[in-house]
Amino acid sequence: MSFWSDMRVIWGMAFHRGSSTDLKSRLEEFYSGQSGDYDSFRKKLLHGRETLMGEIGQRLEPGATVLDMGGGTGHNIAGLGTHLAKLGRVDIIDLCSPLLGVAQARITKEGWTNVHTAEADATKFVPPAGPVDAITFSYSLTMIPDWFLALERAFCNLKPGGIIGVVDFYISRKWPEGKYKKHGTLTRGLWPLWFANDNVFPSQDHLPWLGSHFESLILEEGKGKIPYVPFLKAPYYVFLGRKSL
Ligand SMILES: C[S@@+](CC[C@H](N)C(=O)[O-])C[C@H]1O[C@@H](n2cnc3c(N)ncnc32)[C@H](O)[C@@H]1O
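Quick note on our numbering: the sequence shown kicks off at 26 and runs consecutively.
1) Nearest to G96 by alpha carbon, out of V115, I188, G73, S241?
2) Is it true that the CB of N224 sits closer than 9 Å to the CB of S163?
3) Buried or exposed, going by whether 16 or more other CB atoms sit within 10 Å of the CB of P227?
4) Does ligand 3 have a heavy atom nearer than 8 Å to the CB of I169?
5) On the CB-based measure, 16 or more other CB atoms within 10 Å of its CB, does D158 come out buried or exposed?
6) To which residues does DSSP link G247 through a beta bridge?
7) Considering only heavy atoms of ligand 1, does any lie closer than 8 Å to the CB of R42?
8) Following a CB-centred definition, is N182 positioned closer than 8 Å to any heavy atom of ligand 1?
9) Just to confirm the assignment, what range does the alpha helix (DSSP H) spanning D31 have?
10) Assign T133 to one of two classes, buried (16 or more other C-beta atoms within 10 Å of its C-beta) or exposed (fewer than that).
11) Under 8 Å from any heavy atom of ligand 1, does the C-beta of N139 make it?
12) Within 10 angstroms of the Cβ of C121, are there 16 or more other Cβ atoms? Answer buried if so, exposed if not.
13) Going by the DSSP bridge assignment, what does D93 pair with across the sheet?
14) Would you report the Cα separation of E53 and P123, rounded to the nearest angstrom?
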């Protein structure tokens, strides 16, 4: 069952990559055929999400508000575990309606009365009730062409002292600052080519941007397995930061 589900996803990734010039249409072309199978395959591909959500959940006060930008199927909200019930409001923001449909079904099934979905662009979204306590980007920045606009918007949408959490694929700069890992030429060349097929663009600039705008609370740089691809591991980072007061 899981094998055939994975094969449907791999088929979609290979043959329905999305070729519209408009981002929303491109995302919906890509994800509409795989939305039902998305979660089981991505559990094996998108590493570090549980760490990110667990660490954020622990740091939030009762009544806190959270935006999950490019939240897709809402899988990550479960990662907040027992912390979720104490939160005031969680909004899952995404441009892709088939994935938001899965998120909405999950909210109903789990009875999460404080979790809501909104179809919106992460580079433009302004929370109607004002700045929030935490913002997360889980493997969404690499799919947002203007990722720097999404981060600038997130910076404005966060309260002073608020927390940002990002997990994503990346590559290092050729000459990274000493606090960051350095990747070899092959790693820096291979992964952008590999992921670009599916309109995913690992960047060398996410971490320096985050490190220069937020106080760093957690920085993990790891390598994670790719399902059905032995011997290769893709680099990813987990960053948790605080906006200054
Ligand atoms: C790889 S998926 C990650 C989904 C989810 N966060 C997770 O960890 O499973 C990338 C998500 O970013 C969303 N996305 C891409 N560009 C976006 C934008 N400009 N605004 C909002 N969501 C966007 C996609 O629709 C997709 O749901």
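From the three backbone atoms N, C-alpha and C, an ideal C-beta is built for every residue, glycine too.
From a predicted model like this one, the values you see are computed outputs, not experimental measurements.
Taking the structure as given:
1) Locating residue 96 in the sequence shown gives position 71, where the first residue counts as 1. That would be V115, whose Cα lies nearest to the Cα of G96.
2) Taking the first residue of the sequence shown as position 1, residue 163 is located at position 138. Taking the first residue of the sequence shown as position 1, residue 224 is located at position 199. Taking a C-beta distance under 9 Å as the contact criterion, S163 and N224 do not qualify as a contact pair.
3) Looking up residue 227 in the sequence shown gives position 202. Flag for P227 reads buried.
4) Because ligand 3 does not appear in the structure shown, any question about it cannot be addressed here, the ligands present being ligand 1.
5) On the sequence shown, position 133 is the one that residue 158 refers to. Under this definition D158 is a buried residue.
6) The sequence position of residue 247 within the sequence shown is 222, counting from 1. According to DSSP, G247 bridges with Y261.
7) For the purposes of this step, residue 42 is identified with residue 17 of the sequence shown, where counting begins at 1. No, since every heavy atom of ligand 1 falls outside the 8 Å radius drawn around the Cβ of R42.
8) In the sequence shown, residue 182 corresponds to position 157, counting from 1. Not one heavy atom of ligand 1 falls within 8 Å of the beta-carbon of N182.
9) Along the sequence shown, read from residue 1 onward, the residue named residue 31 stands at position 6. D31 -> alpha helix (DSSP H) spans 27 to 40.
10) The residue labelled residue 133 in the question sits at position 108 within the sequence shown. Exposed is the label assigned to T133, since fewer than 16 other Cβ atoms lie within 10 Å of its Cβ.
11) If you number the sequence shown from 1, residue 139 lands on position 114. Not under cutoff, so the answer is no.
12) As a working mapping, residue 121 is identified with position 96 in the sequence shown. C121 comes out buried.
13) Translated into positions along the sequence shown, residue 93 becomes position 68. Bridge partners of D93 according to DSSP: I117, T161.
14) As a position in the sequence shown, residue 53 is number 28, starting the count at 1. As a position in the sequence shown, residue 123 is number 98, starting the count at 1. Their Cα atoms are separated by approximately 7 Å.
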